[in-house]
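Enquirer: When we follow the UniProt record's numbering, the leftmost residue of the sequence shown carries the number 1, and every step to the right adds one.
Would you mind keeping the following structure in view while I ask a few things?
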Amino acid sequence: MAEKYTVGWICAIATESVAARAFLDERHEKISVAGGDSNSYELGRIGCHNVVIAVLPEGEHGTIPAATVATNMARSFPNLRVGLMVGIGGGAPTSKHDIRLGDVVVSSRGGTSYGGVLQYDFGKTIQGEEFKQTGFLNQPPPSLRTAVSALQGTYELDGHQLLTSVEEALTRIKKRKKYARPPKESDRLYRSHFLHSVGCTHVCNEDRAHLIVRGDRDDEDDDPVIHYGLIASGNQLMKNALVRDKLADEKEVLCFEMEASGLMNHFPCLVVRGICDYSDSHKNDEWQGFAAMMAAAYARDLLLQIMPSRIEEERRLVEAMELVNQGLESLQKTTEGTHAAVVAINCDNHLRKLREWLQPVDTSSNYNQARKLYHEGTGQWILDTQAFLDSTIVDHLRKESDAITVSFYFDFNNTAKQNFDSLLRSLLFQSYEQGCKTTELDSLYDSCKKGPTQPGMDKLIKAFNVSTTCCRKIYVVLDALDECSDRTDLVEWLAIFAADVSSMRCNNIHLVATSRPEELFRSRITACFGKQNCLSLNKRAVNADICSYVDYVLQHRLGFTQKQLSEQLQEQIKRTLSDKADGMFRWATCQLNTLANCGSEKDIETALTTLPRDLNDTYDRMIQSIPPEKKHDAIRLLQFLVHTPEPLTVEQAVDVIATQPDDTEDGRVGRGFDPKSRPFNVLEYCPSLVSIVVARRWQQHGHGYVSLEELHVAHFSVKEYLLKQDQFDKTSASEVLTNTCLSYLQSFRALDGFGLTAGVETMSYYSANSWTGYYSFAKNSEELARRAIAFFDDEPLFSHWRSLAAQQFHDHEKTDRLYWACRLGLAAIARHLIDKGADCNAPGGRYGNPLQAAAYFGHRDILQLLLESKADVNIQGGDFGTPLQAAVDRLNLDIVKLLLDCGADVNAQGGQYGTTIQVASYKGGYDIVQLLLERNANVNAPAGEFGTAIIAAAYQGHESIMKLLLDRGADINAPGDEFGSALLIAAYEGHESTVKLLLDRGADINAPGDKFGTALITAAYPGHESIVKLLLDRGADINAQDGYYGNALQAASYRGHESITELLLNRGAGVNIQGGRYGDALQAASCKGHDRIIRLLLDRGAAVNALGGLYGNALQAASANGVNSIVQLLIDRDCDSWTALEAATYRGHRSTVQLLLDREDEEDEKAEEDEKAEEDEKAEEDEKAEEDEKAEEDEKAEEDEKSEDEVDEREEEDEVEEAEDEVDEGELGVEDEQLDSKGKRAYDGAEDGRIVRRARYG
């Protein structure tokens, strides 16, 4: 029966299926289908064609369900030749295509390169480029394309009669109102930019302002119209008018749908769509029924155009079965790849956010520069020692594939690489980026509001320490400890780090550090790590390395090879430099540079006899050798390099040379900046004193890293030497640097009308952001002050400078001169502006007003000037609300006292922290808190980010301040903050002693919270086991239901804290207690793949099939997240897998899908085996029952027979007795033949003297 069906008709929803069935000329009885086919079919005839209609399962849409339905259809009806995908779609009207509701779109190649259907979500997006198509779909089969062309011609000649067909078909539908044509007024097209609200039907109907007015169609147009062109297909519903218009304009897409692209390459199919909406956010289901009827009417007309013989010529769909399977696999791979790409993108985005938050310096430039200077073979001696230089070590360690190597190079050229804070941020980010992705850093990021606030030093240390313990093997390489500006903090951390590693016996953590032998490091480091683990440079080995290096340079550097030096002279050079270097590579390198510039062998011999004694002598000679015409500019360039907070780019250094500022000491007037004076080679000005380094700088706002050339002081010893010279004193040098920057900026005004908007690596940007800093260090020069005042008074120049400064200082552009003078501490300029009438209370800027800006940055002289000039001490505005709060934020007790003495309101509210007492408590300013309380600060004032001061202090664990606040009447259970109370925030942050203090003072241990719930749940989530124990010991409700994760067990399970999970279970936590986002602990652990916790929960009785939560059950959670090991574990524990299969398929986890399918197959086989065994057992039982029944019958028959025999015997006995009696009485006197049979028997028996058993007779 299945062989007679040749046309397959697929619908996506029930409405489309009803419409299709209404156009059947006759309906057929259902027939049996192939095993495993879950489709439901409607069979019938249209014209001469027998048609199979199938609809996708309820609630399933998209390419994969459509392909699955097509696959099953082809298996059950092996003679199918062509397919139709008929239903509704969203229109894409343009000026070229007047598409309206009820129109029909037929997939057609038209003038495009596509096959009628475009899978618009199949491709790749490259940043900064257009979306690129990477897959294309086939055309419909020839018989359908030919019929489309023929029907199109017929419609153009005679018009279509589809409305008549629809009217006739409606008579076959009982609920025909849903499928009839809605009134024309309900066809509304809204402007693309208009975003509709949810459930917007009524609201939008009354909003005519956003409607596009369209004229009525004329008599020549069919209504509805049949359109032929490209149909866009994707895996999600198109509800975005802007994207719709983009694809319509660029690809000439006519409509959007969700199933066709799953069929086109493997199911010879024509797509027909009735337009039911406009693919925008407007809610409109009114036209779905009629649109489905129009599409079905067209499909019927199309089939009537095709002769059955023409369809028979097409290939059987069953022959394409393998291709369909390959297509499903391809779709699965595509989905899996897309999912993997999304995961990768999310990971990259998260890393980018962490980078922008931590702002770790890039250390690759230090490593790459060291590698560039490295001479092969040197440094091997240190690797051969038992204990075990910088880049040499890193190279060696990176060869260990299973190890993570993090490194930091303290760098005298860059202030960002000179402090301990930068070290921690860099190491922490490197370890996270390379795989030590502990929850510690993520939790720290979350606690800092995902970026707006920065973590303290103690939290950075804790996060890094935790990350190192989670790595299988990690090497920490630190270079040039002596160049760190926070040496005390660095040494203390190293001591604690070494002690922690030793106490925990962490064999996975290895530390290598280098430093010059300064006393602090020599004594403390040796004490921390042991003398046996501390190596001094082996001068003999280093001199051997120097000799090797010198030999290499003589053989390969052009400055020597061109000279063709004699072997004798080469040996003399090697011997002399090696003997006098005394282990100093830098000294040997400088001398080689000098020798390379010698003009003859005689000059070289002379130079060898007059070599400088040490590096200072070497640098003296270098400075003296600078040509007089370049010396002034060279010194100025070196002043920049020594004092710049970050390295100059080569471009900036070139412009420094090209700028001639006024000299305030000798009165020389400079020419300013002259582009023609830019040197071609900046290294010629300071040979051997500077070097060019290729560096990477992180550019925020999506630009990532950029590579550029920087000019560095060549060696730390150079910087040390220069700082000893008078002209490099910071005060003297700062005046020169200020003048250079101002001259450069003022020159730009004359040159090109303020070319100040160039990139951040240009000298214009550098000058705009640096001159005020240099000015603040310069000595009090009246001439320099006049120049700075003139700069501020020049309105156009000031405005352009302000636009650049606002970017650098993260401030607002629309601020006046006085604000900037007060913010930057420019007292002379501030006084000048006030004298000219500047408004001291003018609002604007990040800090709201000049007084708050001066208070925040601690400019006491400017603050007094403003207050004397009638500035409002309680003026509101800015980040901190009031000047007093700004001063408290910086813990500047002197400024706080000044403001309070001038009448600052101690309880004024505003800004991030709400009150001064709250910000002081958060920042840890005990003396300031005490002062504020003495000035009558309200200890319980509700305001700001934390709600109250006690919560702010608890957040940071400032116990002394908390005691002070509690002693002054602070409400210990006051609500506030996103967590809810002081106890909750202390529990989350891991401040155990703070939690204990609060409990001792009466904090409510079971008080509910806003984010995680009770204190127990809040402590369990980040993994603070000691606090969890403390709370349980103090009576915390272990099964309390509250917050996002419902209970403590679910929170701990979700985060993977095995020891806490076990502790809670041991203390009586309900393993199956319901609540929270994930329903129960098992589902929470399953979605994150915590294998050991899942086993623990199951062993403690967790219900493997418990329903509830986000995913429905544990197996669905694991399947949706592609955690195959957990899927297998749960399956082995008899977890139901059907709904999990849907979750895995939806998320694109192909391997998980296969695992579940294999499980289904195994279960099916087992079910069949069990069924067969049950049938065999039943057959055996039936057979045994029959045997038993027969045995019973036989036994009964035997018993019956026996009973009858007994009766016969008794009768015979009676007869014998009778006969005997008769004989005795002489009554037997007759002849034998006269006896009847009975009498004969009796006689014979009596005669024989015995009873003979005979068969009954007579």
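Beta carbons: idealized from backbone N, C-alpha and C, even for Gly.
1. Alpha carbon to alpha carbon, how far is Ser717 from Glu518?
2. Please determine if the segment 1019-1035 and the segment 1053-1067 are in contact, where contact requires at least 3 C-beta pairs separated by less than 8 Å.
3. Cα-Cα, which of Gln909, Gln956, Met73 is closest to Leu984?
4. Can a CB atom of chain D be found closer than 8 Å to the CB of Gln725?
5. Check each candidate in Gly1112, Leu1097, Asp1091, Thr589 and name the one with the smallest Cα separation from Ser1125.
6. Using CA coordinates, which residue listed in Tyr367, Thr1018, Cys269, Pro455 is at the minimum distance from Trp357?
7. Count the other C-beta atoms from every protein chain shown that fall within 10 angstroms of the C-beta of Ala653, then say buried if there are 16 or more, exposed otherwise.
8. Which residue's Cα is closest to the Cα of Phe857: Leu893, Asp362, Cys590, Lys836?
9. Assuming contact is defined by CB atoms lying nearer than 8 Å, are Ile474 and Asn508 in contact in what I supplied?
10. For Leu331, which of helix, strand or coil comes out of DSSP?
11. Do the segment 821-838 and the segment 785-801 make contact, defined as three or more Cβ pairs closer than 8 Å?
12. What's the call for Arg540, buried or exposed, on a 16-neighbour Cβ count within 10 Å?
13. Return the Cβ separation of Ser960 and Tyr926 in integer angstroms, given the expectation that the two are a contact with Cβ distance under 8 Å.
14. Tell me which residue opens and which closes the beta strand (DSSP E) that Tyr475 is part of.
15. Any contact between the segment 304-315 and the segment 136-150? By contact I mean 3 or more CB pairs, one from each, below 8 Å.
16. Just the C-alpha distance for Val52 and Ala292, rounded to the nearest angstrom, thanks.
17. Do Arg117 and Ser233 have their C-beta atoms within less than 8 Å of each other?
18. Report the rounded CA-to-CA distance for Tyr190 versus Arg217, giving the unit in angstroms.
19. Rounded to a whole number of angstroms, what is the C-alpha to C-alpha distance between Ile13 and Ser309?
20. Going by the beta-carbon positions, is the gap between Met307 and Ser279 smaller than 8 Å?
21. Using only the alpha-carbon positions, how far apart do Tyr41 and His1057 sit?
22. If you count every other CB in all the chains shown that lies within 10 Å of the CB of His958, and 16 or more means buried, which is it?
23. Looking at the strands, I want to know which residues DSSP matches up with Glu26.
24. Within 10 angstroms of its Cβ, does Arg557 collect 16 or more other Cβ (buried), or is it exposed?
25. What does the Cβ neighbour count give for Pro661, buried or exposed, with the cut at 16 atoms within 10 Å?
26. Hey, which unbroken runs of the beta strand (DSSP E) at 3 residues or more fall wholly within the segment 249-317?
27. Under 8 Å between the Cβ atoms of Ile972 and Val939?
28. Rank Pro687, Pro78, Tyr775, Gly825 by C-alpha distance to the C-alpha of Met622 and give the top, closest one.
29. Under 8 Å, with one C-beta from each stretch per pair, do the segment 1080-1088 and the segment 1038-1058 reach the 3-pair mark?
30. Using the Cα positions of Leu565 and Glu601, report the straight-line distance between them to the nearest angstrom.
31. CA-CA distance, Ala1020 and Phe464?
32. Where does Phe880 sit, in a helix, a strand or coil, going by DSSP?
33. Please report the distance separating the alpha-carbon of Gly1002 from that of Ser192.
34. Output the distance between the C-alpha atoms of Leu303 and Leu157, rounded to the nearest integer angstrom.
35. From this set, Ser981, Arg968, Gln930, Lys923, which residue's C-alpha is nearest Gly947's C-alpha?
36. Let me check understanding here. Comparing Cα to Cα, which of Asp500, Cys547, Asp479 lies closest to Thr514?
Expert: In short:
1. Numbered from its first residue, the sequence shown carries residue 717 at position 717. Numbered from its first residue, the sequence shown carries residue 518 at position 518. Cα to Cα, the separation comes out at about 14 Å.
2. yes
3. On the sequence shown, residue 984 is found 984 positions in, with the first residue counted as 1. Nearest of Gln909, Gln956, Met73 to Leu984, Cα basis: Gln956.
4. Reference to chain D is not applicable here, since this structure consists of a single protein chain.
5. Your numbering for residue 1125 matches position 1125 in the sequence shown. The candidate whose alpha carbon is nearest that of Ser1125 is Asp1091.
6. Taking the sequence shown and counting its residues from 1, one reaches residue 357 at position 357. With distances taken between Cα atoms, Trp357 lies closest to Pro455.
7. Sequence index remark: in the sequence shown, residue 653 carries index 653 (1-based). Per the 10 Å Cβ criterion, buried.
8. Working through the sequence shown from its first residue, we reach residue 857 at position 857. Selected option, being the one with the closest Cα: Leu893.
9. By 1-based counting over the sequence shown, the position of residue 474 is 474. By 1-based counting over the sequence shown, the position of residue 508 is 508. Against a cut-off of 8 Å, the Cβ pair of Asn508 and Ile474 comes out as a contact.
10. Here the question's residue 331 lines up with position 331 in the sequence shown. Its pLDDT being 49, under 50, Leu331 is placed unreliably by the model, and the measurement read from it follows with that caveat. Three-state DSSP puts Leu331 in a helix.
11. yes
12. Taking the first residue of the sequence shown as position 1, residue 540 is located at position 540. By the 10 Å Cβ count, Arg540 comes out exposed.
13. Stepping through the sequence shown from its first residue, residue 960 is reached at position 960. Stepping through the sequence shown from its first residue, residue 926 is reached at position 926. About 6 Å; that satisfies the 8 Å criterion.
14. Taking the sequence shown and counting its residues from 1, one reaches residue 475 at position 475. Looking at the DSSP string, the run of the beta strand (DSSP E) that includes Tyr475 is 474-479.
15. yes
16. Residue 52 sits at position 52 when you count from the first residue of the sequence shown. Residue 292 sits at position 292 when you count from the first residue of the sequence shown. C-alpha separation (whole angstroms): 17 Å.
17. Numbered from 1 along the sequence shown, position 117 holds the residue referred to as residue 117. Numbered from 1 along the sequence shown, position 233 holds the residue referred to as residue 233. One detail in the question is off: residue 117 reads as Val in this sequence, not Arg. Yes, Cβ-Cβ distance for Val117 and Ser233 is below 8 Å.
18. Stepping through the sequence shown from its first residue, residue 190 is reached at position 190. Stepping through the sequence shown from its first residue, residue 217 is reached at position 217. For Tyr190 and Arg217, the distance between alpha carbons rounds to 18 Å.
19. For the purposes of this step, residue 13 is identified with residue 13 of the sequence shown, where counting begins at 1. For the purposes of this step, residue 309 is identified with residue 309 of the sequence shown, where counting begins at 1. Approximately 31 Å, taken between the alpha carbons.
20. Along the sequence shown, read from residue 1 onward, the residue named residue 307 stands at position 307. Along the sequence shown, read from residue 1 onward, the residue named residue 279 stands at position 279. It is not a contact, given that the beta carbons lie outside the stated cut-off.
21. If you number the sequence shown from 1, residue 41 lands on position 41. If you number the sequence shown from 1, residue 1057 lands on position 1057. Going from the Cα of Tyr41 to the Cα of His1057 covers about 51 Å.
22. Here residue 958 refers to the residue found at position 958 of the sequence shown. Flag for His958 reads buried.
23. The residue you call residue 26 lines up with position 26 of the sequence shown. Glu26 pairs with Arg45.
24. In the sequence shown, counting from the first residue as 1, residue 557 sits at position 557. Under this definition Arg557 is an exposed residue.
25. The residue you call residue 661 lines up with position 661 of the sequence shown. Result: buried.
26. 253-257, 269-277
27. If you number the sequence shown from 1, residue 972 lands on position 972. If you number the sequence shown from 1, residue 939 lands on position 939. No.
28. Translated into positions along the sequence shown, residue 622 becomes position 622. Per the Cα distances, Pro687.
29. yes
30. Along the sequence shown, read from residue 1 onward, the residue named residue 565 stands at position 565. Along the sequence shown, read from residue 1 onward, the residue named residue 601 stands at position 601. Taking the straight line from one Cα to the other gives about 7 Å.
31. The residue given as residue 1020 occupies position 1020 in the sequence shown. The residue given as residue 464 occupies position 464 in the sequence shown. Taking the straight line joining both Cα atoms gives about 21 Å.
32. Stepping through the sequence shown from its first residue, residue 880 is reached at position 880. Reduced to three states, the DSSP call for Phe880 is coil.
33. Counted from its first residue, the sequence shown places residue 1002 at position 1002. Counted from its first residue, the sequence shown places residue 192 at position 192. Approximately 60 Å between the Cα atoms of the pair.
34. Position 303 of the sequence shown holds residue 303. Position 157 of the sequence shown holds residue 157. Those two C-alpha atoms are separated by around 19 Å.
35. What you label residue 947 is simply residue 947 of the sequence shown in a count that begins at 1. Nearest C-alpha to Gly947: Ser981.
36. Reading the sequence shown from its first residue, position 514 is the one you call residue 514. Taking only the C-alpha atoms, the option nearest Thr514 is Asp479.
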